[in-house]
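Working notes, beginning with the structure itself.
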Amino acid sequence: MATHAGRLNDRTGPDAGSPAVRVRDLHRSFNEAGGVLNGLDLDIPAGEFVALLGRSGSGKSTLLRALAGLDRDVAGSGTITVPSDVSVVFQDSRLLPWRRVLDNVVLGLGRKDASARGKQALAEVGLAGREHAWPHELSGGEAQRAALARSLVREPQLLLADEPFGALDALTRIKMHVLLRKLCAAHRPAVLLVTHDVDEAIVLADRVIVLDDGVVSSDLRIELPGSRSQADPAFAALRTRLLSELGVEDDHHLRVEDTQRLRVEDAVRRAS
Ligand SMILES: Nc1ncnc2c1ncn2[C@@H]1O[C@H](COP(=O)(O)OP(=O)(O)OP(=O)(O)O)[C@@H](O)[C@H]1O
Ligand SMILES: [Mg+2]
0 MATHAGRLND
10 RTGPDAGSPA
20 VRVRDLHRSF
30 NEAGGVLNGL
40 DLDIPAGEFV
50 ALLGRSGSGK
60 STLLRALAGL
70 DRDVAGSGTI
80 TVPSDVSVVF
90 QDSRLLPWRR
100 VLDNVVLGLG
110 RKDASARGKQ
120 ALAEVGLAGR
130 EHAWPHELSG
140 GEAQRAALAR
150 SLVREPQLLL
160 ADEPFGALDA
170 LTRIKMHVLL
180 RKLCAAHRPA
190 VLLVTHDVDE
200 AIVLADRVIV
210 LDDGVVSSDL
220 RIELPGSRSQ
230 ADPAFAALRT
240 RLLSELGVED
250 DHHLRVEDTQ
260 RLRVEDAVRR
270 AS
């Protein structure tokens with residue numbers, strides 16, 4: 000594990016057997032008006048998938064950027080321990096438009112077998128045969144799959160994702176959920192996924208945390224048996240609880256069209 004020298008933090012790599020991510024007393028503020036992160040503590044064990052919820056402006060992206068080491072121009076303090084191999088996925092794919100898809104995936108990889116590994120990663124995300132396409136020739140979902148391939152080809156020990164499916168339509172998003180679960184089961188990185196979508200958090204994560212007032216205000220382990228169905232009453236109870244943590248009252252009496260939508264989404268997820 001590498002040690003990163005940071006201006007803000009004591010930023011180090013984890014010891015053997017300790018969590019992949021360890022954050023202690025993390026503070027971040029952009030101006031004198033007040034802190035965005037106010038003494039946040041967080042541990043993520045190796046291989047664990049954590050979803051991060053919180054109202055808009057609660058500091059989710061600020062936390063993610065701090066973990067990625069992308070916030071050196073921001074005021075703050077605290078200690079951050081992360082693995083040396085960290086990949087970040089954002090809401091937009093951030094593919095370089097002047098490079099073909101495979102070149103984007105292997106950019107900076109610096110290995111003799113980079114091209115073969117890049118092709119394999121593209122095949123894993125269902126983009127075999129699109130290696131020589133230009134980014135503008137990909138759909139939004141395909142571009143996000145290429146971004147996932149670019150992350151996973153680096154075999155990160157930590158995957159940081161900031162609303163990676165936020166700009167995708169509902170059906171593409173469900174397919175991406177299935178793909179991400181499969182990739183994470185195969186590669187076992189620790190994951191911190193920022194999302195606004197409570198159902199997405201419950202479907203994907205081992206653990207869901209909520210950010211409020213600059214700290215982790217709620218930390219919930221998701222223990223649902225088998226494939227997670229939105230029609231399952233235990234799923235609905237978790238949704239209600241998390242929505243309430245977010246200050247949103249769930250409608251216990253789902254409207255007919257909501258029920259139908261959930262059934263369709265479940266069917267698509269099972270068929271994928
Ligand atoms: N570069 C910046 N300069 C000044 N203020 C900032 C900057 N970046 C973020 N902020 C402020 O910090 C707070 C947290 O922002 P952040 O982007 O982390 O929220 P978020 O939880 O990711 O929100 P969203 O769900 O809308 O993406 C917000 O009040 C935001 O206005
Ligand atoms: Mg954000």
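Numbering of the sequence shown is given in numbering that gives the first Met the number 0, commencing with residue 0 and proceeding in unit increments.
For every residue, glycine included, the Cβ atom is placed at its ideal position computed from N, Cα and C.
Since this is a predicted model, take the numbers as computed values, not measurements.
Contacting residues, own chain, Cβ-Cβ under 6 Å from Val-87 (five flanking each side not counted)
Ala-67 and Leu-159
Using only alpha-carbon positions, find the residue among Ala-45, Gln-90 and Val-209 that is nearest to Val-197.
Val-209
Could you say if the segment 123 to 138 and the segment 21 to 29 meet the contact criterion of at least three C-beta pairs nearer than 8 Å?
no
Tell me, which residues are paired with Val-190 by DSSP?
Phe-48 and Leu-158
Classify Arg-71 as buried or exposed, calling it buried when 16 or more other Cβ atoms lie within 10 Å of its own Cβ.
exposed
Beta-carbon gap between Pro-13 and Thr-80 smaller than 8 Å
yes
From the DSSP secondary-structure annotation, give me the bridge partner or partners of Val-124.
Note: Val-124 sits in no beta bridge, so no partner.
Just reading off the alpha helix (DSSP H) that Asn-103 is part of, what are its end residues?
100 to 105
Put Gly-16 into one of helix, strand or coil per three-state DSSP.
coil
Length of the line joining the Cα atoms of Glu-264 and Val-247
22 Å
Is there at least one non-hydrogen atom of ligand 1 closer than 7 Å to the beta-carbon of His-186?
no
Three Cβ pairs or more, each shorter than 8 Å: is that satisfied between the segment 176 to 190 and the segment 142 to 161?
yes
Report the partner residues of Asp-211 according to the DSSP bridge assignment.
Val-214
Spatial neighbours of Ser-17 within its chain, please: CB distance less than 8 Å, with the 5 preceding and 5 following residues excluded, ordered by chain position.
Thr-80
Is it true that the CB of Ala-146 sits closer than 8 Å to the CB of Leu-92?
Position check: residue 92 holds Ser in this sequence, whereas Leu was assumed. Yes, the Cβ-Cβ distance between Ser-92 and Ala-146 is below 8 Å.
Can you determine whether any heavy atom of ligand 1 sits closer than 7 Å to the C-beta of Phe-234, and answer yes or no?
no
Please classify Gly-135: is it buried, with 16 or more other beta-carbons within 10 angstroms of its beta-carbon, or exposed?
According to the sequence displayed, residue 135 carries His and not Gly. It is exposed - the Cβ of His-135 has fewer than 16 other Cβ atoms within 10 Å.
First and last residue of the alpha helix (DSSP H) that includes Asp-42?
Run containing Asp-42: none in the alpha helix (DSSP H); it sits in the beta strand (DSSP E), 36 to 43.
State the CB to CB distance for the pair Val-49 and Arg-206, rounded to an integer number of angstroms; the pair is presumed to be in contact (CB under 8 Å).
5 Å
Name the two residues that bound the continuous alpha helix (DSSP H) containing Val-202.
197 to 203
One or two residues paired with Gly-75 in a DSSP bridge
Arg-27
Exposed or buried, which one is Leu-63 when buried takes at least 16 other CB atoms within 10 Å?
buried
Which residue comes first and which comes last in the beta strand (DSSP E) that contains Ser-86?
85 to 88
Is DSSP giving Thr-2 helix, strand or coil here?
Any reading at Thr-2 must be qualified, since the residue scores a pLDDT of 31, below 50, and its modelled position is unreliable; the value itself is stated next. Correct three-state label for Thr-2: coil.
I'd like to know whether the C-beta atoms of Val-215 and Leu-39 end up nearer to each other than 8 Å.
yes
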